[in-house]
Amino acid sequence: MNDFEDFTQKFIIKKMMEGVNRTRPKIRDSRLPITKELLLLIVKILPFICSSCYAVKLFKAAFSLANHGLLRIGELAVSNEKGGTNLCLDRLNTEIWWQGKSGMVTSQLRRQIRIMKKYEDPPKFLVVHVGANDLGNIKTKDLREKLIQAMTFISKDLPDTKIVWSQMLPRLNGDILTMVRQWKNVDTWLIMQ
Numbered sequence: 125m126n127d128f129e130d131f132t133q134k135f136i137i138k139k140m141m142e143g144v145n146r147t148r149p150k151i152r153d154s155r156l157p158i159t160k161e162l163l164l165l166i167v168k169i170l171p172f173i174c175s176s177c178y179a180v181k182l183f184k185a186a187f188s189l190a191n192h193g194l195l196r197i198g199e200l201a202v203s204n205e206k207g208g209t210n211l212c213l214d215r216l217n218t219e220i221w222w223q224g225k226s227g228m229v230t231s232q233l234r235r236q237i238r239i240m241k242k243y244e245d246p247p248k249f250l251v252v253h254v255g256a257n258d259l260g261n262i263k264t265k266d267l268r269e270k271l272i273q274a275m276t277f278i279s280k281d282l283p284d285t286k287i288v289w290s291q292m293l294p295r296l297n298g299d300i301l302t303m304v305r306q307w308k309n310v311d312t313w314l315i316m317q
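This note's numbering runs 124 ahead of the 1-based position in the sequence shown.
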């Protein structure tokens, strides 16, 4: 660049940078690879998670396709092409603003709502999909209490917004049967509220 020598390409500098990178602790990836056994377990618990036979078949097909086709989630999920993140709802004058964050727990919901309110007008509908990352990490009673607090906060903070509860999907790490029981307990209880 401008006839200056690029010292970052010198052998000694490259080796120093490699050494610095090796001194940083590696972040352990907590995700599990989907083995054949895990895929079979996922498919086996789908009837307990999904509310219809159609959803069970849909997820079985998606999970099997992703596993056998070595696909990433981004290759199956909504993209910016052909309808994009608005799910083709532009034609109905509907705009979806995805405000979630991966790995969010119930205690982070209030902060996320406050951030949303800073940048956007209150939505007409708010789809709440939270709690699955809490399963197995906190007691059922505490999760229920956090969800009550979160829904109360949303109702007061967004009085003209209708809340749509999106069913939790239990995580597949830890004690799966306990998490499925806890999930069914909390989800069923929340629907009755």
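Each residue gets a CB set at the ideal place from its N, CA and C atoms; glycine is no exception. Please read these numbers as outputs of a predicted model, since none were measured by experiment.
Per-residue DSSP class, three states only, for residue i
i, result
"Val229", "coil"
"Val288", "strand"
"Phe135", "helix"
"Leu282", "coil"
"Gly188", "It is Ser, not Gly, that sits at residue 188 in the sequence shown. Correct three-state label for Ser188: helix."
"Lys168", "helix"
"Phe128", "coil"
"Lys160", "helix"
"Thr218", "coil"
"Cys177", "helix"
"Arg325", "The structure shown has nothing for residue 325, since the chain only spans 125 to 317."
"Glu244", "coil"
Residue i, buried or exposed, once every other Cβ within 10 Å from all chains shown has been counted against 16
i, result
"Asp258", "buried"
"Leu271", "buried"
"Ile72", "Examination of residue 72 is not possible in this model, given that the chain is present from 125 through 317 alone."
"Met141", "exposed"
"Leu267", "buried"
"Ala185", "exposed"
Sequence-distant residues of its chain with Cβ nearer than 8 Å to residue i (five each side left out)
i, result
"Ile262", "Lys270"
"Thr285", "Pro246, Pro247, Lys248, Phe249, Leu250 and Ile278"
"Thr168", "Per the sequence presented here, residue 168 reads as Lys, with Thr not at that position. Counting only Cβ-Cβ distances below 8 Å, and skipping sequence neighbours, we find nothing."
"Met228", "Gln236, Val254 and Asn257"
"Ser188", "Leu163 and Val167"
Residues near residue i in its chain [Cβ-Cβ closer than 7 Å; skip 5 each side]
i, result
"Ser290", "Val251, Val252 and His253"
"Leu233", "Val254 and Ala274"
"Ser231", "Lys270"
"Val180", "Leu170, Pro171 and Cys174"
Chain-order list of residues whose beta-carbon lies under 6 Å from that of residue i (same chain, five-residue window excluded)
i, result
"Phe183", "Leu170"
"Ile158", "Asn191"
"Leu282", "Pro246"
"Lys160", "none"
Exercise. Which full runs of the beta strand (DSSP E) of 3+ residues lie inside the segment 246-278, going along the chain?
Worked result: Complete beta strand (DSSP E) runs here, min 3: 249-252.
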